[in-house]
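Student: Chains G and S supply the protein sequences, listed in that same order.
In this text, residue positions in the first sequence follow this note's numbering: the first is 1, and each later residue adds one.
In this text, residue positions in the second sequence follow this note's numbering: the first is 1001, and each later residue adds one.
Built from N, CA and C at the ideal position, the CB exists for glycine as well.
Bear in mind the structure is a predicted one, so any value in this text is a computation, not a measurement.
There are 2 protein chains.
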Amino acid sequence: MPGSLSLLKGLPRYDVFLQEAKCFPELDASACYTYLQLLRTGDELLALDEQVLNSYGTRHGRFNLLMILLKYGDGEATPAGLADKTGVTRATISGLLDGLEKDGLIKRKPDPEDRRLIRVHLTSAGHAFLDKVRPGYSRWFSSIVEPLDKEERRQLVFLLEKIRTRLSELAGNGESQSAQLS
Amino acid sequence: MPGSLSLLKGLPRYDVFLQEAKCFPELDASACYTYLQLLRTGDELLALDEQVLNSYGTRHGRFNLLMILLKYGDGEATPAGLADKTGVTRATISGLLDGLEKDGLIKRKPDPEDRRLIRVHLTSAGHAFLDKVRPGYSRWFSSIVEPLDKEERRQLVFLLEKIRTRLSELAGNGESQSAQLS
DNA sequence: ACCTAATTATTAGGTTCCTAACCGTTGTCA
DNA sequence: TGACAACGGTTAGGAACCTAATAATTAGGT
Chain G
1 MPGSLSLLKG
11 LPRYDVFLQE
21 AKCFPELDAS
31 ACYTYLQLLR
41 TGDELLALDE
51 QVLNSYGTRH
61 GRFNLLMILL
71 KYGDGEATPA
81 GLADKTGVTR
91 ATISGLLDGL
101 EKDGLIKRKP
111 DPEDRRLIRV
121 HLTSAGHAFL
131 DKVRPGYSRW
141 FSSIVEPLDK
151 EERRQLVFLL
161 EKIRTRLSEL
171 AGNGESQSAQ
181 LS
Chain S
1001 MPGSLSLLKG
1011 LPRYDVFLQE
1021 AKCFPELDAS
1031 ACYTYLQLLR
1041 TGDELLALDE
1051 QVLNSYGTRH
1061 GRFNLLMILL
1071 KYGDGEATPA
1081 GLADKTGVTR
1091 ATISGLLDGL
1101 EKDGLIKRKP
1111 DPEDRRLIRV
1121 HLTSAGHAFL
1131 DKVRPGYSRW
1141 FSSIVEPLDK
1151 EERRQLVFLL
1161 EKIRTRLSEL
1171 AGNGESQSAQ
1181 LS
């Protein structure tokens, strides 16, 4: 029932930043341009992906959660485990599970052995929902990379892998180094 | 005063999806893998970028807004114009301006000629804030693309441009085509 | 001139995320 | 055994986004 969609008006978002490259004379313009292109592509892709999911009446968070539940054996999943896998906090998982349970896609059951634990089950409605969404979702994302040939895809994955490696190097000490300014 | 930061725990978010490639036998696994790599890189980059901004006590939305205000001549910016440039709704701009004004970084003044309009000004505190943040922010994003040499950056920009072109082709009719499932 | 339509900014209400604080349960170790 | 830390899930409150509705102002058409 969330219904249709916004028309994705918001894409000139980074144009200003791209012009801005020359405002950072202290560094290589190609670095600035590349970074901004990366950020912008990521942002647009995420936005459109979210929109596709919206057209199926779901969202990123919920869809991720359902997909991850699919990988678990039935009744193995706990909220804390889901938080780890999805990368959101346990509090967020609580909220997502509330929504999913209200819609009948999942069910919470207490663990018989450890009374702190909750076991999360995908209902048959949940399975049916995923079966309904996945074909279209597959088609959507294959259409995104369709303009790239096999070699280009290989290159892109390689380059992104390099960036991601860098990202994870910086993840741990991100604040300590960025806090030193000027 | 929002203070330090979260420690960016949440990056294994897409591992499950990547394993999932073989669950979509109906399509090319390289398409699936490339798409997921793209989504994941974008997501991680956005998350880390947000975290860097957090370490300066600001956020994506607010920082973008301030940077865009910097490009405007003083007193040319209106909320509606800012909404266009940033890609968020006017309602969101209202909220962001509320926060920024409360912190003394911008100021709203009525337009003398058209009483519907509000003119948004960067205060001297706003300028000072940007001057404080920009050097570190530049250093941050140049460190991200640093592992790529000049030719690799050129390639990456080229490939991302292809993706973005595709994205904008699909943006208009996203829902009509994705709504047909199976 | 006047009624209507378009435009501006804002508010109201909803969603998804966060952090922080809470409470109950389990494990540990004197 | 009994205090107490650690852990699991939830709740409360806040931020950034959205859509839809609102109030005030300007522009257009006859």
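Are any of the Cβ atoms in chain G nearer than 8 Å to that of S/S1094?
Tutor: It does not; no Cβ of chain G falls within 8 Å.
Student: So with CB distances below 9 Å, who are the chain S contacts of G/I184?
Tutor: This structure does not reach residue 184 of chain G, given that chain G is present from 1 up to 182, and the question cannot be answered.
Student: By a C-beta neighbour count over all protein chains shown, 10 Å radius and 16 as the cutoff for buried, is G/D86 buried or exposed?
Tutor: Correcting the residue identity first, residue 86 of chain G is Thr in this sequence and not Asp. With 16 or more Cβ atoms within 10 Å of its Cβ, G/T86 is classed as buried.
Student: Hey, how far is the Cα of G/E152 from the Cα of S/L1159?
Tutor: Each residue's alpha carbon lies about 7 Å from the other.
Student: Along the chain, where does the beta strand (DSSP E) containing S/P1110 start, and where does it finish?
Tutor: Here the beta strand (DSSP E) through S/P1110 covers 1106-1110.
Student: What residues from chain G crowd round S/R1062, counting only those whose CB sits closer than 7 Å?
Tutor: Simply none; closest approach about 14 Å.
Student: Going by the CB atoms, is the gap between S/T1041 and G/G42 shorter than 8 Å?
Tutor: The answer is yes: Cβ separation under 8 Å.
Student: So which residues of chain S does G/T41 contact, with C-beta pairs closer than 7 Å?
Tutor: By Cβ distance, chain S contributes G1042, L1160, I1163, R1164.
Student: Who are the Cβ neighbours of G/Y56 in its own chain at under 6 Å, not counting the five residues just before and after it?
Tutor: For G/Y56, where only same-chain residues beyond five positions count, the Cβ hits under 6 Å are V133.
Student: Rank G/L82, G/S138, G/E146 by C-alpha distance to the C-alpha of G/L122 and give the top, closest one.
Tutor: Ranking the options by Cα distance to G/L122, first place goes to G/L82.
Student: What's the C-alpha gap between S/Y1137 and S/L1053?
Tutor: If you take the alpha carbons of S/Y1137 and S/L1053, they lie about 8 Å apart.
Student: Could you tell me which chain S residues have their CB closer than 8 Å to the CB of G/P147, listed as they occur along the chain?
Tutor: Residues of chain S passing the Cβ test: K1162, I1163, T1165, R1166.
Student: Please name the residue, chosen from G/L170, G/E146, G/M67, that lies closest to S/R1164 on a Cα-to-Cα basis.
Tutor: Comparing Cα-Cα distances from S/R1164 to each of G/L170, G/E146, G/M67, the minimum goes to G/E146.
Student: Could you tell me if G/P110 is buried or exposed, where buried requires 16 or more neighbouring beta carbons within 10 angstroms of its beta carbon?
Tutor: By the neighbour-count rule (16 or more Cβ atoms within 10 Å), G/P110 is not buried but exposed.
Student: Please classify G/P79: is it buried, with 16 or more other beta-carbons within 10 angstroms of its beta-carbon, or exposed?
Tutor: Result: buried.
Student: Give the C-beta separation of G/Y35 and S/I1144 to the nearest angstrom, bearing in mind that I take them to be a contact with Cβ-Cβ under 8 Å.
Tutor: Confirmed, about 6 Å.
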